[in-house]
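Undergrad:
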Amino acid sequence: MMLKLDKVNRGPHLSTLVASSISREIAQGRLKPGDQLPTEQALAQTFGVSRNVVREAIARLRSEGRIWSQQGRGAFVADAQNTTVLTIDHDSLQEADAFKNLFEIRGILEVEIAGIAAQRRTDADIDAMKEALATMAAAPYGSVTWLKTDLEFHRTVASATQNSYMAPFLMFASERVRDSILASGHQQRSDDLASITLGEHQSILDAIAAGDVDGARRAMTEHLAGAARRVGLPAATVDPDGADDHFEKES
Numbered sequence: 079m080m081l082k083l084d085k086v087n088r089g090p091h092l093s094t095l096v097a098s099s100i101s102r103e104i105a106q107g108r109l110k111p112g113d114q115l116p117t118e119q120a121l122a123q124t125f126g127v128s129r130n131v132v133r134e135a136i137a138r139l140r141s142e143g144r145i146w147s148q149q150g151r152g153a154f155v156a157d158a159q160n161t162t163v164l165t166i167d168h169d170s171l172q173e174a175d176a177f178k179n180l181f182e183i184r185g186i187l188e189v190e191i192a193g194i195a196a197q198r199r200t201d202a203d204i205d206a207m208k209e210a211l212a213t214m215a216a217a218p219y220g221s222v223t224w225l226k227t228d229l230e231f232h233r234t235v236a237s238a239t240q241n242s243y244m245a246p247f248l249m250f251a252s253e254r255v256r257d258s259i260l261a262s263g264h265q266q267r268s269d270d271l272a273s274i275t276l277g278e279h280q281s282i283l284d285a286i287a288a289g290d291v292d293g294a295r296r297a298m299t300e301h302l303a304g305a306a307r308r309v310g311l312p313a314a315t316v317d318p319d320g321a322d323d324h325f326e327k328e329s
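Numbering of the sequence shown is given in the numbering used here, commencing with residue 79 and proceeding in unit increments.
#1: Compute the Euclidean distance between the alpha carbons of Phe-177 and Tyr-219, then round it to the nearest angstrom.
#2: Report back the beta-carbon spacing between Val-316 and Gly-193 to the nearest angstrom; my notes put them in contact at under 8 Å.
#3: Determine the extent of the beta strand (DSSP E) in which Gly-152 is found, giving its start and end residues.
#4: Does the Cβ-Cβ distance between Val-189 and Arg-295 come in under 8 Å?
#5: So who's on the other strand from Gln-280, going by DSSP bridges?
#6: Helix or strand or just coil, what does DSSP make of Gln-106?
#7: Assuming contact is defined by CB atoms lying nearer than 8 Å, are Ala-210 and Glu-182 in contact in what I supplied?
#8: Val-131 and Val-155 look like a contact to me (Cβ under 8 Å); what is the Cβ gap, rounded to whole Å?
#9: What does a CB cutoff of less than 7 Å around Gly-293 pick up in its chain, not counting 5 residues either side in sequence?
#10: Measuring only the C-alpha atoms, how far is Leu-115 from Ala-153?
#11: Is Met-214 closer than 8 Å to Leu-271 when the C-beta atoms are compared?
#12: Could you check if Asp-205 is buried or exposed, using at least 16 other CB atoms within 10 Å of its CB as the buried criterion?
#13: By the three-class DSSP mapping on this structure, what secondary structure does Gln-123 have?
#14: Which same chain residues end up closer than 7 Å to Thr-227 when comparing Cβ atoms and leaving out the 5 residues on each side of it in sequence?
#15: By the DSSP assignment, the alpha helix (DSSP H) with Ser-237 in it spans what residues?
#16: Does the Cβ of Ala-306 have 16 or more other Cβ atoms within 10 Å, making it buried, or fewer, making it exposed?
#17: Going straight from the alpha carbon of Tyr-243 to that of Leu-187, what length do you get?
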């Protein structure tokens, strides 16, 4: 088989780039269902990365249902028609409309999640949110650690709904938003933005802790609208009517 695999640019998420490149070969038919992937060593040499990076990429593709592995034999391309796993290719998120659409889905989920969390949160949930927020505050704004902890805060909010499906659905969308931000370098960096973003998270936490359902939804809407602006998207991506107008209509 003739594959079009090239070395990947250095970055914080090499495994994502490797997985994306292999996914592209599958999507374009150069890797077909049943085909065996090259060995870890061969892929590492082709992409110019370590074998650990290749293993992470293979694990991701396996979790997405794109490939399957058999010990002692290697990794094989799965039949896409037989998988029920939802996948979003990394390359597609470099398109402006795709990234905006995914951010919009995240907004729809998170606003309602915040409201439900305000109704159902426990003391342990609030403690977990406080811990995530404190860790984020200690990290450099816009760094990999910051974005990872930001995701953790939102995961704790989703967990506070006491619905075991909520966090996995949210994290699927949010992790791909994070990967796209890291790959594109869209995240702005400044002390002012760090303070603003932390303040938005604190408002979400305060409303949830107070059991204020509408306040939690409003705080999450305002945060996501701000987050959209910070990565170059219009605030209307998550708040088409404006946060205040939206809640005035409901009251």
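Even glycine gets a Cβ: it sits at the ideal position worked out from N, Cα and C.
TA: The short version:
#1: 21 Å
#2: The pair is not a contact, with the Cβ atoms about 15 Å apart (cut-off 8 Å).
#3: 152 to 155
#4: In this structure, Arg-295 lies closer than 8 Å to Val-189 by Cβ.
#5: Paired residue(s): none; Gln-280 is not in a bridge.
#6: coil
#7: With respect to the 8 Å criterion, Ala-210 and Glu-182 are not classified as neighbours on the basis of their beta carbons.
#8: Contact flag wrong, Cβ pair sits at about 20 Å.
#9: Ala-285
#10: Going from the Cα of Leu-115 to the Cα of Ala-153 covers about 6 Å.
#11: Taking C-beta atoms as the reference points, Leu-271 and Met-214 fail to come closer than 8 Å.
#12: exposed
#13: helix
#14: Ala-210, Thr-213, Met-214, Ala-217
#15: 222 to 237
#16: buried
#17: 12 Å
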